[in-house]
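If you read the sequences in order, they're chains A and B.
For the first sequence, position 43 (counting from the first letter as 1) is numbered 43 according to our numbering, and the numbering increases by one without interruption.
For the second sequence, position 17 (counting from the first letter as 1) is numbered 124 according to our numbering, and the numbering increases by one without interruption.
Think of the CB as a built atom: it goes at the ideal place given N, C-alpha and C, for glycine as much as any other residue.
Predicted model, so just to flag it, every value in this text is computed and none were measured.
Okay, so here's the structure we're looking at.
There are 2 protein chains.
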Amino acid sequence: MSIANTPVPPYYAVIFTSKLSDNCIGYDEMANKMTDLVKNQKGFLGMESARENIGITVSYWDSISSIKNWKNNIEHKQAQKLGKEKWYTTYKTRIVKIEHDYGFNLD
Amino acid sequence: MSIANTPVPPYYAVIFTSKLSDNCIGYDEMANKMTDLVKNQKGFLGMESARENIGITVSYWDSISSIKNWKNNIEHKQAQKLGKEKWYTTYKTRIVKIEHDYGFNLD
């Protein structure tokens, strides 16, 4: 996992923040499957993810339309359903527009 | 650390993604100091943070103006300088507008 190499703004993102339940059966497998699947979606620009007490996943997109397509992807919808039923005690999804960015890189 | 209890959109956020260098002397102390300091800033709405291979910190704000004030806070500027000089090999700061959010909570 590295920092996403995103284009010049504006672009869009989904900030998905979650807490896991004690029932983690199947979670890692599904998370890996979704990570593979999202990379092939139209308009996908990159992803960043980390988990400690909470998990934060930020996926970057070229448009709101691409975010909607991903939300409605059949396999992703199944993952969302299982997440709500089993894996998460709480989550929040925020749809955002990146207006400005900057940084530095010694890597 | 829990999921930030943010208001109805629109509101704003800073997504700060980073990788740490091998020189971590003073980092935890400064991170804790900044976490305390940010909570008292005008327009601060909440924060979410997690670190694995990369660190992701999302701070939420009522306006771009509040984000600018925080960026220019004297103590925060000193932390930014040390971060760039010592603690980070790379980082990216993204200023975003939250347009839409949803979630669920069993906690």
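The stretch 192-208 of chain B: positions lying closer than 7 Å to chain A by Cβ
Cβ contacts with chain A come from Thr-196, Thr-197, Tyr-198, Lys-199, Thr-200, Arg-201, Ile-202, Val-203, Lys-204, Ile-205, Glu-206, His-207, Asp-208.
Cβ contact check for the stretch 108-126 of chain B and the stretch 79-89 of chain A: 3 or more pairs under 8 Å:
no
Contacts of B/Met-108 in chain A (Cβ-Cβ under 9 Å):
Glu-52, Asn-53, Ile-54
Curious, which full-length beta strand (DSSP E) runs of at least 3 residues does the stretch 121-173 of chain B contain?
151-158, 162-168
Is it right to say B/Tyr-209 is buried, meaning 16 or more other beta carbons lie within 10 angstroms of its own, or is it exposed?
exposed
Partners in chain A for B/Asp-214, counting only beta-carbon separations shorter than 8 Å:
Lys-19, Thr-89, Thr-90
Assuming A/Gly-46 contacts A/Ser-66 under a Cβ cut-off of 8 Å, what Cβ separation, rounded to an integer in Å, is found between them?
That pair is no contact at about 13 Å.
If we call anything under 8 Å between Cβ atoms a contact, is A/Tyr-88 one with A/Ala-13?
no
Within 8 Å of any Cβ in chain B, is that where the Cβ of A/Phe-104 sits?
Judged by the 8 Å Cβ criterion, A/Phe-104 is in contact with chain B.
Is there a C-beta anywhere in chain B that falls below 8 Å from the one on A/Val-58?
yes
Can you pull the chain A neighbours of B/Glu-155, defined as C-beta to C-beta under 9 Å?
Per Cβ cutoff of 9 Å: Ile-15, Thr-17, Ile-54, Ile-56, Lys-92.
So, B/Glu-155 versus A/Ile-56, is the Cβ gap smaller than 8 Å?
yes
Buried versus exposed call for A/Ile-98 [16 or more other C-beta atoms within 10 Å across all chains shown]:
buried
On the CB-based measure, 16 or more other CB atoms within 10 Å of its CB, does A/Ser-18 come out buried or exposed?
A/Ser-18 comes out buried.
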